[in-house]
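Scroll down for the structure; my scribbles are underneath it.
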Amino acid sequence: MTQQYRITLLPGDGIGPEIIPVAVAALKAVGKQFDLQFEFQEALVGGAAIDETGNPLPEETLEMCRNSDQVLLAAIGGYKWDTLPRHQRPETGLLALREGLQLFANLRPAMVLPQLIDASTLKRDVVEGTDIMVVRELTGGIYFGKPKGIFATETGEQRGVNTMAYTEAEIDRIGKVAYDIARKRRGKLCSVDKANVLDVSQLWRDRITALSSQYPDVELSHLYVDNAAMQLIRNPKQFDTIVTGNLFGDILSDEAAMLTGSIGMLPSASLGASGLGLYEPVHGSAPDIAGQDKANPLAQVLSAAMMLRYGLGQPAAADRIERAVMQVLDAGYRTGDIMSEGMQLVGCQAMSDALLAALEA
Ligand code: IPM
Ligand code: MG
Numbered sequence: 005m006t007q008q009y010r011i012t013l014l015p016g017d018g019i020g021p022e023i024i025p026v027a028v029a030a031l032k033a034v035g036k037q038f039d040l041q042f043e044f045q046e047a048l049v050g051g052a053a054i055d056e057t058g059n060p061l062p063e064e065t066l067e068m069c070r071n072s073d074q075v076l077l078a079a080i081g082g083y084k085w086d087t088l089p090r091h092q093r094p095e096t097g098l099l100a101l102r103e104g105l106q107l108f109a110n111l112r113p114a115m116v117l118p119q120l121i122d123a124s125t126l127k128r129d130v131v132e133g134t135d136i137m138v139v140r141e142l143t144g145g146i147y148f149g150k151p152k153g154i155f156a157t158e159t160g161e162q163r164g165v166n167t168m169a170y171t172e173a174e175i176d177r178i179g180k181v182a183y184d185i186a187r188k189r190r191g192k193l194c195s196v197d198k199a200n201v202l203d204v205s206q207l208w209r210d211r212i213t214a215l216s217s218q219y220p221d222v223e224l225s226h227l228y229v230d231n232a233a234m235q236l237i238r239n240p241k242q243f244d245t246i247v248t249g250n251l252f253g254d255i256l257s258d259e260a261a262m263l264t265g266s267i268g269m270l271p272s273a274s275l276g277a278s279g280l281g282l283y284e285p286v287h288g289s290a291p292d293i294a295g296q297d298k299a300n301p302l303a304q305v306l307s308a309a310m311m312l313r314y315g316l317g318q319p320a321a322a323d324r325i326e327r328a329v330m331q332v333l334d335a336g337y338r339t340g341d342i343m344s345e346g347m348q349l350v351g352c353q354a355m356s357d358a359l360l361a362a363l364e365a
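With the numbering used here, letter number 307 in the sequence shown gets 311, and the count goes up by one each step, no holes.
Written out as structure tokens, the structure reads:
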């Protein structure tokens with residue numbers, strides 16, 4: 005029986021409108037092979053939405069996302085909107101989308117591909133074989149904690165405030181996602197916090213530790229975030245699954261991404277309790293190369309594969325896409341961000357053509 009899925013596409017800004025069609029084409033190609041039918045609907049978010057409606061996340065967009073099976077996002081932001089007041093920034097739209105869809109678990113894999121090992125700024129023997137999953141809490145912590153804002157003190161001086169707060173329930177639900185993922189990987193979970201200084205982190209550590217009795221097959225360790233940042237560069241292979249809060253996860257996932265050589269290759273998934281998820285490349289909107297056919301569409305394509313795997317329960321179709329990505333890399337095709345000597349430099353369109361050829365072969 006044909007499976008039908010309604011997918012909301014959010015191309016956003018910058019290179020978004022160039023890379024989303026590549027993922028759509030890849031989905032259609034595997035759809036034919038695996039009897040999956042996709043109905044795509046497009047909506048505005050980020051700067052594109054600000055220009056059109058004045059709001060980085062229009063209500064129609066949120067509604068459309070809620071009325072779909074899964075959401076595929078490219079990227080938001082650009083210089084043009086950087087000086088607007090905070091409620092009108094593209095980033096505010098992204099945060100509102102995560103909050104509005106209650107996507108509390110952000111999965112950011114950082115896998116060093118053998119084909120791209122020399123693109124890493126670190127030595128080959130340090131990064132070779134690295135395969136890390138960062139599980140970042142996405143709807144709590146200092147990003148959303150209250151009080152927040154810039155307030156005048158009694159002396160009239162301004163004071164900026166954000167609050168890092170987690171409840172037991174928030175820690176437990178992200179902890180369970182992370183343990184479940186670690187269990188399906190190599191059975192190692194490292195929780196990252198700052199429990200030597202922060203009370204919120206002490207509660208985090210206590211709850212993650214308490215959960216471990218339910219996961220006797222998962223080996224739990226803890227690191228302070230400063231040490232974790234160092235260990236990621238010193239010996240990334242010691243890590244399997246990392247679980248951490250919103251801010252530490254934001255920082256460490258960029259660091260982990262760079263181990264792989266190019267942030268242009270990395271997908272991510274943001275999941276909630278409802279089954280609806282949002283899938284997006286880790287990289288940004290790259291306004292400096294937008295509209296020039298230079299973008300690397302592979303992280304977007306791999307995000308579509310994550311959607312198939314985690315959102316739609318179609319692992320075979322996900323494997324098929326991931327295999328095609330490996331094939332184009334094996335064949336030597338490289339966009340500028342992953343280019344190295346002896347490889348063939350291609351643009352977004354040519355990369356897309358090569359990928360589709362590999363998928364249809
Ligand atoms: C990310 C980004 C966002 C974040 C920004 C764009 C709001 O850095 O997805 O990691 O801080 O979460
Ligand atoms: Mg970030």
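Backbone N, C-alpha and C define an ideal beta-carbon position, used for all residues, glycine too.
request  = Compute the distance between the beta-carbons of leucine 98 and leucine 275, then report whether it is under 8 Å.
outcome  = no
query = Any idea what DSSP makes of tyrosine 147, helix, strand or coil?
reply = helix
inquiry  = Could you tell me which whole beta strand (DSSP E) segments of length 3 or greater appear in the stretch 232 to 270?
reply    = The stretch 232 to 270 contains these whole beta strand (DSSP E) runs: 245 to 248.
query = What residue does the alpha helix (DSSP H) around methionine 330 start on, and which one ends it?
reply = 319 to 334
Three CB pairs or more closer than 8 Å across the stretch 110 to 123 and the stretch 291 to 305 = As far as the Cβ criterion goes, the stretch 110 to 123 does not touch the stretch 291 to 305, which means the pair count is below three.
ask   = Which runs of the beta strand (DSSP E) spanning at least 3 residues fall entirely within the stretch 18 to 57, listed in chain order?
value = 40 to 46
request  = Can you give me the Cβ contacts of alanine 29 inside the same chain, cut-off strictly under 7 Å, excluding the 5 residues immediately before and after it?
outcome  = Ser356, Leu360
ask   = Under the rule that 16 or more other beta-carbon atoms within 10 Å means buried, what is tyrosine 314, buried or exposed?
value = buried
key: Candidates Glu141, Val222, Arg163: closest to phenylalanine 252 by CA position   = Glu141
request  = Could you tell me whether the stretch 235 to 249 touches the stretch 312 to 326, where touching means 3 or more Cβ pairs closer than 8 Å?
outcome  = no
request  = Quick one: residues with CB closer than 7 Å to any heavy atom of the ligand MG, in chain order, please.
outcome  = Asp254, Ser257, Asp258
Candidates Arg177, Phe148, Ser272, of which the one nearest threonine 167 by Cα = The candidate whose alpha carbon is nearest that of threonine 167 is Phe148.
ask   = Taking three-plus beta-carbon pairs below 8 Å as touching, is the stretch 258 to 267 in contact with the stretch 83 to 91?
value = no
message = Considering only the alpha carbon of each residue, which of Gly317, Leu302, Ser72, Asp323 lies closest to valine 350?
response = Leu302
query = Whose C-beta lies closer than 7 Å to the C-beta of methionine 347 among residues of the same chain, with five residues either side of it excluded?
reply = Gly336, Arg338
message = Using a Cβ-Cβ cutoff of less than 6 Å, which residues in the same chain neighbour proline 94 once the five nearest sequence positions on both sides are dropped?
response = Gly50, Gly51, Pro60, Ile80, Gly81, Trp85
message = Rounding to the nearest angstrom, what Cα-Cα distance links arginine 177 and leucine 227 in this structure?
response = 20 Å
request  = Could you tell me whether any non-hydrogen atom of the ligand IPM is closer than 7 Å to the CB of glutamate 95?
outcome  = Using a cutoff of 7 Å, the CB of glutamate 95 counts as near the ligand IPM, since one of the ligand's heavy atoms is closer than that.
Heavy atom of the ligand IPM within 7 Å of leucine 98 beta-carbon = For the ligand IPM, at least one heavy atom lies less than 7 Å from the Cβ of leucine 98.
ask   = In whole angstroms, what is the alpha-carbon distance linking alanine 109 and arginine 102?
value = Near 10 Å, if we compare the C-alpha coordinates of arginine 102 and alanine 109.
inquiry  = Is it buried or exposed, glycine 153, if we count other Cβ atoms within 10 angstroms and call 16 or more buried?
reply    = Around the CB of glycine 153, fewer than 16 other CB atoms lie within 10 Å, so the residue is classed as exposed.
key: Span separating the alpha-carbon of aspartate 39 from that of leucine 31   = 11 Å
ask   = Can we count glycine 81 as close to the ligand IPM, meaning its CB is less than 7 Å from some heavy atom?
value = yes
key: Rounded Cβ spacing between valine 116 and threonine 264 (contact assumed at less than 8 Å)   = 5 Å
request  = Taking proline 113 and leucine 333 to be in contact with their CB atoms under 8 Å, please state how far apart those CB atoms are, rounded to whole angstroms.
outcome  = Proline 113 to leucine 333, Cβ: 16 Å. No contact.
key: Pairwise C-alpha distance: arginine 128 and methionine 262   = 13 Å
6 Å Cβ shell around glutamate 174 - same chain, five flanking residues per side excluded = Gly144
key: Selected residue, minimal CA-CA separation from leucine 363, among Val26, Thr57, Val130, Arg187   = Val26
inquiry  = In whole angstroms, give me the CA-to-CA distance for valine 286 and isoleucine 267.
reply    = Taking the straight line joining both Cα atoms gives about 7 Å.
message = Tell me which residue opens and which closes the alpha helix (DSSP H) that methionine 310 is part of.
response = 302 to 310
ask   = From phenylalanine 155 to arginine 163, what does the alpha carbon distance come to, in whole angstroms?
value = 5 Å
query = For proline 285, which residues does DSSP report across the bridge?
reply = Pro271
message = Judging by CA-CA distance, which residue of Ser225, Asp73, Thr57 is the nearest neighbour of serine 278?
response = With distances taken between CA atoms, serine 278 lies nearest to Asp73 out of Ser225, Asp73, Thr57.
task = Have a look at the DSSP bridge pairing and note the partners of methionine 137.
result = Pro113, Thr245
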